Amino acid sequence: MKNSEFSIIILAAGASERLGKPKQLLRFEKTTLLERIAQTALKTGFKTVIVLGANAEMIQVSLENLSIRIAVNENWRTGMSSSIIKGLKKSLDANPDLAGAILLLCDQPFVTEETILKLVEAQRETGKPIVASSYENTIGVPALFMREVFDELMKLKDDTGAKPLIKRHAENLAKVSAPEAAFDVNTTEDFEALKRRATDQINFSR
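Residue numbers for the sequence shown follow my numbering, so the first one is 10 and each next one is one higher.
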């Protein structure tokens, strides 16, 4: 497996309206949520693109020490689909022969390097054009999209993200169990639950 075959695209352009402040900059275990997932992505050895939008300048400062590409989606208000397209274009600019793109969200703090590499392994084993994560009766991201569906990714619209594409290929995709991807941060309550979970783990390890 060549590291140049795949690119990771981290979607981090949203305004976190339900949270009331940029979730990208929330601190958890001595780093921010966005830095955490970026560092996880970089551990795979794949080139990584982060798509920013709302509060882009402020967030970009926190990423200066990471070897990543930044794409700023000026149209972030139109929804997640425009960020996927922006990230894919940035990835293809860097590597026109890209074989596949892996989509990650910035607010799934328990996604690991292994989570990502299992997607690639499943694609190798099955040859499917899409490999998606399965958790809590959901099939979604992290997800890998091979080159043969790039045109469909480029045609995504609104705030639906890649869900319509995954649904369209429901009979021709591979699924990887990833219960660690079930937890995400959208509200203050979610973030408080995340901090409690970390505290419980620390207390348990003592």
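All C-beta atoms in this analysis are idealised placements derived from N, C-alpha and C, irrespective of residue type, glycine included.
Keep in mind it's a predicted model, so treat the numbers as computed, not measured.
- In the three-state scheme derived from DSSP, where H, G and I count as helix and E and B as strand, residue 75 is classed as coil.
- Between residue 126 and residue 57, the gap from beta carbon to beta carbon reaches 8 Å or more.
- With at least 16 other beta carbons inside 10 angstroms of its own, residue 49 counts as buried.
- DSSP places residue 63 in the coil class of the three-state scheme, outside both helix and strand.
- Taking a contact as a CB-CB distance under 8 Å, the pair residue 82 and residue 92 counts as one, their CB atoms being some 5 Å apart.
- Comparing C-alpha distances from residue 149 to each of 128, 158, 172 shows the shortest one belongs to 172.
- Remark: fewer than three beta-carbon pairs, one from each stretch, lie closer than 8 Å, so the stretch 187-203 and the stretch 153-165 are not flagged as touching.
- For residue 96, the number of other beta carbons within 10 angstroms of its own is at least 16, and it is reported as buried.
- In this structure, the beta-carbon distance from residue 24 to residue 59 does not fall below 8 Å.
- Rounded to the nearest angstrom, the gap between the Cα atoms of residue 197 and residue 85 is 22 Å.
- With a cut-off of 8 Å on Cβ pairs, the stretch 180-193 is in contact with the stretch 126-144, counting three or more such pairs.
- Nearest neighbour of residue 67 by Cα position, chosen from 136, 146, 31, turns out to be 31.
- Going by beta carbons, residue 143 and residue 179 fall outside the 8 Å limit.
- Sequence-distant partners of residue 169 (beyond 5 residues in either direction) whose C-beta falls short of 8 Å from its own C-beta, in its chain, are 88, 89, 90.
- From the listed residues 147, 190, 192, the smallest Cα separation to residue 175 is found for 147.
- It is roughly 15 Å from the alpha-carbon of residue 99 to the alpha-carbon of residue 14.
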